[in-house]
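Asker: Could you have a look at this structure, given as C-alpha cells, before my questions?
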Amino acid sequence: MGTYILKRLLAAIPTLLIAAVLVFAFIHLIPGDPASVMLGDMASSEEIEALQKEFGLDRPIYEQFVLWFGQVLQGDLGTSIYFQEPVLAVIGEGAETSLFLALFTMILIVVIGVPAGIVSASFHGGKVDQSVSGLAMLFASIPTFWLGLYLIFTVSVTLDLLPTSGFPSVIESGDLSNFRYLILPAITLSAPNSALVVRLVRAGMLDTMREDFVRTARAKGLPEWAVTIRHIFRNALIGVVATLGFTFVGLVSEAVVTETVFALPGIGRLVVQSIARRDYPVIQGIIMVVIVFYILVNLIVDIVTTYLDPRVKLQ
Amino acid sequence: MTAVFDFLSLFRHRWLAAIGLVIILIIVVAAILAPWITPFDPLKIDAIARLTPPNAEHWFGTDHAGRDLFSRVIYGARMALITGIGVVTIALSFGVLLGILSAYYPPLGLVLMRVVDVLMGIPALLLALAFVVVLGKGLFNSMIAVGAIYVTTTARITYGLTRKIVAETYIEAVTSLGASDLRIMRRHVLPNLVSPLMVQATFIFAFAQLSTASLDFLGLGLPPDVPSWGNMVAETRRYITRAPWLLMFPGGAIILTVFSLNLVGDALRDRLDPRFKDDLAKW
Amino acid sequence: MVDSIGQPVLELTDLTVGIGSERGVFNAVEALSLRIEEGEVLGLVGESGCGKSITALAVMGLLAAPTVRITGGHIRFGGRDLVELTTAERRRLRGDRIAMIFQEPMTSLNPVYTIGDQLVEAVRTHRSLSRSAAWREAVAMLDRVGIPGAASRAGNYPHELSGGMRQRVMIAMALICGPDLLIADEPTTALDVSTQAQILDLLMALRQDFGMAILMITHDLGVVAEVADRVAVMYAGRLVETAPVRELFKAPTHPYTHALLGSMPRLDAQETRLRVIEGSVAPPFARLSGCTFRDRCQRAETRCAGAVPPLDEVGMDHRARCFFPITGAEVGAQSSGNL
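Okay, here's the thing in C-alpha cells:
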C-alpha cells in the first residue's frame, strides 16, 4: 500500500505541474504587471520596484516560474497582501468552516440522495420513480443563493429557529452547539448537489439489476430487501464512490455563494473577498490547494474502490 | 419539416417534458418581445411606489426603487436568453474545436486532454471566478468565464466521440479512398456529433443560468443596474423580510427556466442514446 | 427410480405462462402438463424460445411479474399448488426445497463476496445456524462438489475461480439445504467439453447421495442421452412428446423429435451434409393455429391446421402430440432419413 501511494503521488506531479503552469499564467494574464496590480493604484514607483525585485519579476519568466513552483512544493504559497500573512495560514483559517460545511453537506446528500436513488430504481418506471427523479431535477434547478435566502427568510427570521449568519469556531471553543450555524448552509448546499447522486445511484442500480448474480440471489430464496441492498446496491456502490469523492471536492469551493449568503468565514467567502481586495496570492493559493485536494481525493477514491471491489487490484 | 415532427414526436409520451418545452417557448417569446409587452419601463424609478406588494397595477409588485418587478423579470428573461446563447456558443465552439483537434492529432490531444483533466478538477464556480479576475466583470466577460466551465466537458465528450467515430472501419475505407482529414471531419464526424451536442447544449444553457446568476449575485457579473434575475435577488437582499415577492419572482423565474430546460434535455437524451448518459451524467 | 409408486415430486397441470406486451398477451408456455417422480431425472428438450426456461422460472416463482406471469394451470409440489401460494410462501420454498442452477457460471455469482459467504447466506436464509456453523456447512458442501482445498477456497472471490469451479459452487449453493428438486437450466452449455462431463458426473453422483429429482433443461440431446431417465420435448410453448429416454431415442414418434434426432451429427453417418429442419420457429403472435409445427412438417395435412392435436399414448409411458405420429414400421425405414 505504501509503495502504491508513493507511486500515485509521483504520478500526480505532472498534473501538479500543469496546474502550476495554469495558475502561474493566471497571475501574469492580469492586465498590468503583477507588482503594481498587487500593490494597487496607490503604490509609489519605489514600492513597485521593490516588490518586483522581491518577487524576482525582473528575471526571465521561466526562472520566475521555477522559483515559484519550488516554493509551492515546499508549502510556501506566498504572502497575502491584505493580511500580510502566509497564504497557507490564511487559507487554513477558513478551512475549518469549509471542511465542516462540506462534511455536513455530504452527510445530507448521502443520507437523502442514496436512499432516494435506491427507491427510485426499485420502483423504476412507476410513479415513485418519476416523482423522485422529477424532484431531484427540481432541486438541481434551484440556485444556492436563492435557497439560502429563502431558508433564512422562513426558518430564521419568521420562525426564529436557527441563526442566520456566521460560524463561531468549534475547534477553538469546543462548543459543539456551534454546529447549528451550519445547518441551514448545509441544507442550502445539499439540495442542488444531491440530484447528481440520486441520478447516479439510480442508474447504477438499474444497470446492476440486470446482472445474473441478482437472479441467483433471488433463486436462493432471499427476501427482496436483501437482494436490493446486499446484492444490487452493494455492487452499484462501486460506481458511485468516485462521484461522491468529487462532489466533496467541489463542495469546498462551490460553497462560495452559500458562504457569502450566510456570512460564513470559509474558503469560499475568502475567494470572493480576495477578488474584491485584489489579493491575488490568496486566489492563486486557493486554486492550488483545491487541485492538490482533488488529487488526494482521487487517490482515496481509488483505494476505497479496491476495498469495495475485490476484482480491482492496486497497481 | 420532418425534422420538426421528429423532434416533437419525442414528447409524445413525456408530458412533463412537453410542458417544459412550452414554458421555454413562452419565456423565449417573452424575452424577444420584452419591449412591447412590458407594462412599465424596467428602469423607471418611482419613489412613491416603493416596495408595494403584487396588485392589479404591478402584477409582481415593485422593488426598493419603485420599479415594476414584472417588467424587470421579463427583461431578466432577455438577459438570460442572451447570456445563455453566448455561453453555449462559446462552450460549443471552443469545446468542439478542442475535442476534434485533440482526437485528430494524438500527441497534441494527449497534452490538451491532460490540461482539460486538471481544469475539470477545479470546481466550476472557482474556475469562472478565476476568469473574472483576469478578464474583469461585465456581460461579455461573464459569458466567457461561464463558457470556460463548459468548454472542458464539451471538449472531453467531443474527443471521446470523435475518436470512437474515427475508429470505425468505414472511416478507414473512406480514408484509403483518398478523402482528406477535413472532408472526413465534415461529412462523417460532425453529423454524428450533432445529436449529442444538442443535448449538451440544452444542459449547458440550463446550468449556465445558475452560474451566471451566481456571478451576478456576487457582484462579479453584470453591472448592478442591469435587470438580470441574479442581480435582482442580490440587490433586494435587505428587503426580503419586508417584501418577500422580491425574492420569489426572480428566483422562481430562474428555477422555472432551469427546470424546464432540464426536462427537455432529459427527453432529448433519452431519445439519443442511453449510453451517453454516462458522459452527460456530470450534470 | 423410474417406477415410482408414490406421489410425483413435481406435477404441472395445464400450466400456461403469458408475456404481456403492447400487442396483447403471448403464451410462452401453453397448457403444459408434466410430472417428475422422486429421484428421477427428467430431460426437458427444445430449441431456444420454446418455453423451457420460462417453465423453470415459473416453477421457481422467478417470473418477471407483472409482465410475465402464470395465467393458468397448477404446479403441484410437496402436496401444495404453488400457483396458489403467496410470494412469501414461495420464497420460503425457493433455495430450500426447490433449487435452480443457471447457464452462465461466470456471471452468476456476486463478485464482491467470497464464495464461502455466499454459501453461508444461502443456508442461513432457510436454517437458523450460527455463522460459524454455517461456514462449516459451506466448506463441507464445497468439498462434496469436488473443490480441492475447500477450507481455504471458501475465502476466495468468484473471479479467482475458473468457470467449472464456479459452476460447482453454484451447485453447492443450490444443494446446501438439501432440496427435493433441482432445476438445472443448461448447466453445461457454457463450459468446455471435458468440464461438461465432470459437471454432469457430479450432478449424477449428488443425485444419488441426496436422492433428489432433477429437471435437466437442455437443447443438447447428447446430455439428455447421458443423464436423463425420461425426456420431455417442447416446441413453441407446448409439450410435443414425452417418453423414457431409451424409448425416445429408439422410436421418436413426433415428427419434430424425429427431425431433431436426425439432425444430430453422427460420426458413423454416410452423409456429408448436416441435416436441418426446414423453416424456423414462428415469432410470437404469429403462431399457427392447430399444430404449430405443421409448416415445417412433411407429414402435415389439412387436419393439422384445424385443431391442436391431443397428447396421445403411442407406447408404454410414451405420448406424442401428433395426428400422424411416426410408427415403428416407419422408423425401421429410417436409414435414409427422409419422412
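Residue numbers (the working numbering), protein chains in the order written: chain A, 1 to 315; chain B, 316 to 598; chain C, 599 to 937.
Every residue, glycine too, gets a C-beta built ideally from N, C-alpha and C.
Could you check which residue in A:75, A:280, A:196 has the C-alpha nearest to that of residue 29 (chain A)?
Answerer: Here the closest residue by C-alpha is A:280.
Asker: Does chain B have any CB closer than 9 Å to the CB of residue 283 (chain A)?
Answerer: yes
Asker: Could you spell out the range, first to last residue, of the beta strand (DSSP E) harbouring residue 906 (chain C)?
Answerer: No beta strand (DSSP E) contains residue 906 (chain C), which DSSP labels as neither H nor E.
Asker: On the three-pair Cβ rule with 8 Å, is the stretch 95-111 of chain A touching the stretch 243-261 of chain A?
Answerer: Yes, they touch.
Asker: Report yes or no: is there a C-beta of chain A within less than 9 Å of the C-beta of residue 529 (chain B)?
Answerer: yes
Asker: For residue 233 (chain A), which of A:245, A:246, A:221, A:209 has the nearest alpha-carbon?
Answerer: A:209
Asker: From the DSSP secondary-structure annotation, give me the bridge partner or partners of residue 179 (chain A).
Answerer: Paired residues: none, contrary to the question.
Asker: Is any beta-carbon of chain A found at less than 9 Å from that of residue 353 (chain B)?
Answerer: no
Asker: Anything in chain A within Cβ reach of residue 533 (chain B), meaning under 9 Å, just list it in chain order.
Answerer: 145, 256, 257, 260, 272, 275
Asker: Let me see if you follow: with CB-CB separation under 9 Å, is residue 552 (chain B) close to chain A or not?
Answerer: yes
Asker: Mind checking whether residue 654 (chain C) and residue 781 (chain C) have CB atoms under 9 Å apart?
Answerer: yes
Asker: CA-CA distance, residue 704 (chain C) and residue 771 (chain C)?
Answerer: 15 Å
Asker: Could you pull out every residue in the same chain whose Cβ sits closer than 7 Å to the Cβ of residue 925 (chain C), ignoring the five residues on either side in sequence?
Answerer: none
Asker: What residues from chain A crowd round residue 331 (chain B), counting only those whose CB sits closer than 9 Å?
Answerer: 130, 134
Asker: Taking residue 694 (chain C) as the query, report the chain A residues whose CB atoms sit under 7 Å from its CB, ordered along the chain.
Answerer: 221
Asker: Can you name the residues of chain A whose CB is closer than 9 Å to the CB of residue 548 (chain B)?
Answerer: 143, 145, 146, 149
Asker: How would you call residue 61 (chain A), buried or exposed, if buried means at least 16 neighbouring beta carbons within 10 angstroms?
Answerer: exposed
Asker: Closer than 8 Å is the cut-off here; do at least three beta carbon pairs connect the stretch 610-622 of chain C with the stretch 782-797 of chain C?
Answerer: no
Asker: Over the uninterrupted alpha helix (DSSP H) stretch that includes residue 682 (chain C), give me the two end residues.
Answerer: Premise fails: residue 682 (chain C) is in no alpha helix (DSSP H) and is neither H nor E.
Asker: Can you grab the Cα-Cα spacing for the pair residue 501 (chain B) / residue 509 (chain B), in whole Å?
Answerer: 12 Å
Asker: Please name the residues in the stretch 193-225 of chain A whose beta-carbon is closer than 8 Å to at least one beta-carbon of chain C, in chain order.
Answerer: 211, 212, 213, 215, 216, 217, 218, 219, 220, 221, 222, 223
Asker: Report the CB separation of residue 639 (chain C) from residue 814 (chain C) in whole angstroms; it is logged as a contact under 8 Å.
Answerer: 6 Å
Asker: If you follow the beta strand (DSSP E) that residue 302 (chain A) is in, where does it begin and where does it stop?
Answerer: Segment 280-308 is the alpha helix (DSSP H) holding residue 302 (chain A); no beta strand (DSSP E) there.
Asker: Is it the case that the Cβ atoms of residue 674 (chain C) and residue 611 (chain C) are separated by a distance below 9 Å?
Answerer: Yes. Within cutoff.
Asker: Sort out for me which residues DSSP pairs residue 674 (chain C) with in a bridge.
Answerer: C:609, C:679
Asker: I need the DSSP call for residue 211 (chain A), collapsed to helix, strand or coil.
Answerer: Annotated three-state conformation of residue 211 (chain A) is coil, per DSSP.
Asker: Please name the residue in C:819, C:877, C:725 whose C-alpha comes closest to that of residue 777 (chain C).
Answerer: C:725
Asker: Does the beta-carbon distance from residue 289 (chain A) to residue 244 (chain A) come in below 9 Å?
Answerer: no
Asker: Express the C-alpha separation of residue 136 (chain A) and residue 202 (chain A) in angstroms, rounding to a whole number.
Answerer: 11 Å
Asker: Just checking: is the beta-carbon of residue 238 (chain A) within a distance shorter than 9 Å of some beta-carbon in chain C?
Answerer: It does; some Cβ of chain C falls within 9 Å.
Asker: How is the beta strand (DSSP E) around residue 842 (chain C) delimited, first residue to last?
Answerer: 836-842
Asker: For chain B, check one thing: does any of its Cβ atoms lie closer than 9 Å to the Cβ of residue 4 (chain A)?
Answerer: no
Asker: Which same chain residues end up closer than 7 Å to residue 631 (chain C) when comparing Cβ atoms and leaving out the 5 residues on each side of it in sequence?
Answerer: 610, 611, 612, 837
Asker: Can you list the residues of chain B that residue 138 (chain A) reaches, using a CB-CB cut of under 7 Å?
Answerer: Residues of chain B passing the Cβ test: 574.
Asker: Chain A beta carbons: is any one of them nearer than 9 Å to that of residue 705 (chain C)?
Answerer: yes
Asker: When you compare only the Cα positions, how much space is there between residue 548 (chain B) and residue 366 (chain B)?
Answerer: 14 Å
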